[in-house]
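Visitor: Structure incoming, see below.
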């Protein structure tokens, strides 16, 4: 299946990895702005434009070299926005997988790359086990509990957002959504 | 293309699974043989026609022959098919099962068998399975069992258990976590969206028969 990954995904990732290198510096001196307490969004969210991302986490990998990141994306704006690419400093390959609605059959344990993901105005998309994840492959190093995995999400309208996803223990309960 | 084919097959499978009442909201689906969980005492999804414990012989994570029916007969048993290179529902499922078991009294917990059968036997050799499973059960007295074999053997095991046979080098696989009772019958199973609490709720019911 990996060999048959659509070319645009590989291209997007390659592009983003390049872009991420630039973005890194911009973010490194400036932690992502926390959502103001008056904002209806989740308190742990980070925001760019109309997009808020919250509840990010990575479960410590059980298999070396591959791990999933989960997070929740909310579009608080009046226009649709599209997640066009994801990248991570923790992995050489980063792809969005199995998001329901974006790929057929995603409730059945298949493993399919998802193309660009559009979030409608007011919509919240929660990636959770079995309901979409960001797959990190070719990890640049071991991930330990408490580590932070950096994810760069590129939205067509709102731009790029850096999200820090803490690594939780394999046996830890999922912080968000259904656990399975 | 193989990819397209698998996606097509799973489009159909997803419909049937979605109709299995995984969210307890759907009405019973005649063709799938499953009913809404709301109609039963279980929080997991239930079969109208309970499935008998299947028979298959594979190789465990220690490289030893493992006769599933003989070794698990009369014992509550979780059975799941997946692959260790899976980042998503496979590790989550095994972690959830372990978490559910930790919520049981030791006397009950130690009697529950957990069997993981790989859908990717090319990569999931006994040592790979052993290393992977050790992530989930370090504190549990009854160790999880990981099974592998030839492609034909693991395919047959899936057919025996009544789950969709995996495709795509095992990466496209059933998400059903089956739970057999001490009476060697599977009445309840768990799909994506089931929680540790659902399993904790159902386990005593299954153990009581």
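Protein chains in written order, with our numbering: chain A, 1 to 180; chain B, 181 to 389. Glycine included, C-beta positions come from ideal geometry on N, C-alpha and C.
Closest Cβ-Cβ distance between residue 63 of chain A and chain B: below 7 Å?
Guide: Translated into the one-based positions of the first chain, residue 63 of chain A becomes position 63. Judged by the 7 Å Cβ criterion, residue 63 of chain A is in contact with chain B.
Visitor: Tell me which residues share the same chain as residue 276 of chain B and place their Cβ nearer than 6 Å to its Cβ, disregarding the 5 neighbours each side in the sequence.
Guide: Reading the second chain from its first residue, position 96 is the one you call residue 276 of chain B. Counting only Cβ-Cβ distances below 6 Å, and skipping sequence neighbours, we find 376.
Visitor: Within the region 256-343 of chain B, note down every full beta strand (DSSP E) run reaching 3 residues or more, in order along the chain.
Guide: Runs of the beta strand (DSSP E) inside the region 256-343 of chain B: 257-262, 293-298 and 325-328.
Visitor: With the cut-off set at 7 Å, would you say residue 51 of chain A and residue 75 of chain A are in Cβ contact?
Guide: Here residue 51 of chain A refers to the residue found at position 51 when the first chain is read from its first residue. Here residue 75 of chain A refers to the residue found at position 75 when the first chain is read from its first residue. Taking 7 Å as the Cβ cut-off, residue 51 of chain A and residue 75 of chain A qualify as a contacting pair.
Visitor: Quick one: which residues of the region 248-267 of chain B get their C-beta closer than 8 Å to a C-beta of chain A? List them in chain order.
Guide: Taking 8 Å as the Cβ-Cβ cut-off against chain A, the residues of the region 248-267 of chain B that qualify are 262, 264, 265, 266 and 267.
Visitor: Would you grab the beta carbon distance between residue 56 of chain A and residue 161 of chain A for me? Rounded to a whole angstrom, and I think it's under 8 Å.
Guide: Residue 56 of chain A sits at position 56 when you count from the first residue of the first chain. Residue 161 of chain A sits at position 161 when you count from the first residue of the first chain. That pair is no contact at about 11 Å.
Visitor: For the 8 Å Cβ check, are there 3 or more pairs between the region 138-148 of chain A and the region 117-129 of chain A?
Guide: At 8 Å Cβ cutoff, the stretches do not touch.
Visitor: With a threshold of 16 other CB atoms inside 10 Å of the CB of residue 262 of chain B, please say whether the residue is buried or exposed.
Guide: Stepping through the second chain from its first residue, residue 262 of chain B is reached at position 82. The residue in question, residue 262 of chain B, is buried, as its Cβ has 16 or more Cβ neighbours within 10 Å.
Visitor: Grab me the residues of residue 181 of chain A's own chain with a C-beta within less than 7 Å of its C-beta, minus the 5 sequence neighbours each way, in chain order.
Guide: With chain A represented from 1 up to 180, any question about residue 181 of chain A goes unanswered, as that position is not in the structure.
Visitor: Kindly indicate the opening and closing residues of the alpha helix (DSSP H) around residue 377 of chain B.
Guide: In the second chain, the residue the question calls residue 377 of chain B occupies position 197. 376-388 is the span of the alpha helix (DSSP H), which, as asked, contains residue 377 of chain B.
Visitor: Could you tell me if residue 285 of chain B is buried or exposed, where buried requires 16 or more neighbouring beta carbons within 10 angstroms of its beta carbon?
Guide: In the second chain, residue 285 of chain B corresponds to position 105, counting from 1. Its Cβ having fewer than 16 others within 10 Å, residue 285 of chain B is exposed.
Visitor: Just the C-alpha distance for residue 359 of chain B and residue 159 of chain A, rounded to the nearest angstrom, thanks.
Guide: Looking up residue 359 of chain B in the second chain gives position 179. Looking up residue 159 of chain A in the first chain gives position 159. Those two C-alpha atoms are separated by around 46 Å.
Visitor: Check this for me: beta carbons of residue 278 of chain B and residue 362 of chain B, under 7 Å apart or not?
Guide: For the purposes of this step, residue 278 of chain B is taken as residue 98 along the second chain, with counting starting at 1. For the purposes of this step, residue 362 of chain B is taken as residue 182 along the second chain, with counting starting at 1. Result no, Cβ atoms of residue 278 of chain B and residue 362 of chain B do not sit closer than 7 Å.
Visitor: So residue 248 of chain B is in the alpha helix (DSSP H); what residue range does that whole segment cover?
Guide: The count along the second chain starts at 1 and reaches residue 248 of chain B at position 68. 248-252 is the extent of the alpha helix (DSSP H) around residue 248 of chain B.
Visitor: Could you check which residue in B/283, B/247 and B/302 has the C-alpha nearest to that of residue 378 of chain B?
Guide: Counted from its first residue, the second chain places residue 378 of chain B at position 198. Among B/283, B/247 and B/302, the Cα nearest to that of residue 378 of chain B belongs to B/283.
Visitor: Quick check: the Cα distance between residue 320 of chain B and residue 290 of chain B, rounded to an integer number of angstroms?
Guide: As a working note, residue 320 of chain B is residue 140 in the second chain. As a working note, residue 290 of chain B is residue 110 in the second chain. Looking at the two C-alpha atoms, the distance is approximately 8 Å.
Visitor: Can you check whether the CB of residue 58 of chain A is closer than 7 Å to the CB of residue 167 of chain A?
Guide: One-based indexing of the first chain puts residue 167 of chain A at position 167. One-based indexing of the first chain puts residue 58 of chain A at position 58. In contact: residue 167 of chain A and residue 58 of chain A (Cβ atoms closer than 7 Å).
Visitor: Check for me: the beta strand (DSSP E) holding residue 227 of chain B runs from which residue to which?
Guide: Along the second chain, read from residue 1 onward, the residue named residue 227 of chain B stands at position 47. Unbroken beta strand (DSSP E) run through residue 227 of chain B: 225-232.
Visitor: Rounded to whole angstroms, what's the CA-CA distance from residue 307 of chain B to residue 236 of chain B? Just pull it up for me.
Guide: Translated into the one-based positions of the second chain, residue 307 of chain B becomes position 127. Translated into the one-based positions of the second chain, residue 236 of chain B becomes position 56. Roughly 21 Å between the two C-alpha positions.
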